[in-house]
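Enquirer:
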Amino acid sequence: MASKQTVAAVREPLTRAATAAAPLVRCSDPAVVTATEQLLNALSDADDTMRMEAALATFGRAVNAATAPPLSWWARRRAARRPDAVVRRG
Numbered sequence: 003m004a005s006k007q008t009v010a011a012v013r014e015p016l017t018r019a020a021t022a023a024a025p026l027v028r029c030s031d032p033a034v035v036t037a038t039e040q041l042l043n044a045l046s047d048a049d050d051t052m053r054m055e056a057a058l059a060t061f062g063r064a065v066n067a068a069t070a071p072p073l074s075w076w077a078r079r080r081a082a083r084r085p086d087a088v089v090r091r092g
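Structure representation (structure tokens):
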């Protein structure tokens, strides 16, 4: 169990993180919305670090995918020719 001092030390950074992430709940990308909601729920329980780390990882992947530049015409064409190939964005 975390001490009151430890909880007090992490409360402010967690509050700032929640404030920064909250606008992303209105994002047009459903994966970002879901990941943000999961992150905000995980931030509410500072003791569950595994849940928080998993939510952060999911959030990072969702935001990276949403902000990755679109594939070039050539890359889309190559992907269409080889549907079994893994296409990497970026």
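So for the sequence shown, the working numbering puts the first residue at 3; every next one is plus one. No residue lacks a Cβ here, since even glycine has one placed at the ideal position from N, Cα and C. Model, not experiment: these values are computed from the prediction.
Helix, strand or coil for Pro71? Go by DSSP, reduced to three states.
Expert: Indexing the sequence shown from 1 puts residue 71 at position 69. DSSP places Pro71 in coil when its eight states are reduced to three.
Enquirer: Can you tell me whether Arg84 is helix, strand or coil according to DSSP?
Expert: Your numbering for residue 84 matches position 82 in the sequence shown. In the structure shown, Arg84 sits in coil (DSSP, three-state: anything other than H, G, I, E or B).
Enquirer: Leaving aside the five residues before and after Ala64 along the sequence, list all residues of the same chain whose C-beta is less than 6 Å from its C-beta, in chain order.
Expert: Residue mapping note: residue 64 aligns to position 62 of the sequence shown, counting from 1. Ala33, Val34 and Ala37.
Enquirer: Buried or exposed: where does Ala44 fall if 16 or more other Cβ atoms within 10 Å of its Cβ makes it buried?
Expert: Taking the sequence shown and counting its residues from 1, one reaches residue 44 at position 42. When all chains shown are included, Ala44 counts as buried.
Enquirer: Using the beta-carbon count (16 or more within 10 Å), is Ala24 buried or exposed?
Expert: Stepping through the sequence shown from its first residue, residue 24 is reached at position 22. Ala24 is exposed by the Cβ-count criterion.
Enquirer: Would you call the region 71-83 in contact with the region 39-57, where contact means no fewer than 3 C-beta pairs closer than 8 Å?
Expert: no
Enquirer: Residue ranges of each alpha helix (DSSP H) run of no fewer than 4 residues wholly in the region 16-66, ordered along the chain?
Expert: 32-45
Enquirer: With H, G and I counted as helix, E and B as strand and the rest as coil, what does DSSP make of Gly92?
Expert: Counting from 1 along the sequence shown, the entry for residue 92 is found at position 90. The pLDDT assigned to Gly92 is 49, lower than 50, so where the model puts this residue is not dependable; a value taken from the coordinates is nonetheless given after this. Assigned with DSSP and collapsed to three states, Gly92 falls in coil, not helix or strand.
Enquirer: Leaving out five residues on either side along the sequence, give the residues of the same chain with a beta carbon under 8 Å from the beta carbon of Glu55.
Expert: Against the sequence shown, residue 55 aligns to sequence position 53. Excluding positions up to five away in sequence, the list is empty.
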